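Visitor:
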Ligand SMILES: [Zn+2]
């Protein structure tokens, strides 16, 4: 076969193969080689075993003894607690869990920090809006001011124009009829 891999090539690629980081084609060549080569297959199985054990250790480290049923209860009631929706008895229960369970305490701190951040950003937005609002009022007033100043001379002109026309018409009438 044209693409048959040598034992050296398979050894070099084995760790990538175990972690499933090779192209489909290359994986396929290695699989074919392993089927027909007991010594490479042994290497492969050893490596796979080692990686599995390593993964197990990692997973056990992630498992936290405080991530228990009590903590789950706490998580389920946390937002109700923050929003003051629990009765006194439930409130005390949540507080007790937060004191005895570091995971719960951390959650509570995180959510309070988050709330504070949210609140301060809300206040900021409100202030910004207030500023914008007063700015827009000021600019509106200025605008009206300008309009008034613009309109004023125009009206004066119109009124004096009408006064002039009235005088002329009155003059013509008085000349024609008297
Ligand atoms: Zn081999």
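Numbering (my numbering), first residue to last: 112 to 289. Where is the CB? At the ideal position from N, CA and C, for every residue including glycine. Please read these numbers as outputs of a predicted model, since none were measured by experiment.
1) Taking the C-alpha atoms as reference points, what is the distance between residue 152 and residue 166?
2) Count Cβ pairs between the stretch 171-183 and the stretch 212-220 that sit closer than 8 Å; are there 3 or more?
3) Regarding residue 126 and ligand 1, is the C-beta to nearest heavy atom distance less than 7 Å?
4) For ligand 1, is there a heavy atom less than 7 Å away from the beta-carbon of residue 150?
5) Ignore the nearest five residues each way along the sequence and tell me which others in residue 112's own chain have a CB closer than 6 Å to its CB.
6) Check this for me: beta carbons of residue 125 and residue 154, under 8 Å apart or not?
7) Under the rule that 16 or more other beta-carbon atoms within 10 Å means buried, what is residue 209, buried or exposed?
8) Could you check whether residue 222 and residue 203 sit closer than 8 Å to each other, using their CB atoms as the reference points?
Guide: The structure says:
1) 21 Å
2) yes
3) no
4) yes
5) For residue 112, the predicted model reports a pLDDT of 49, less than 50, meaning its position is unreliable; a value from the coordinates is still stated below. Excluding residues within five positions, none has a Cβ falling inside 6 Å.
6) yes
7) buried
8) no
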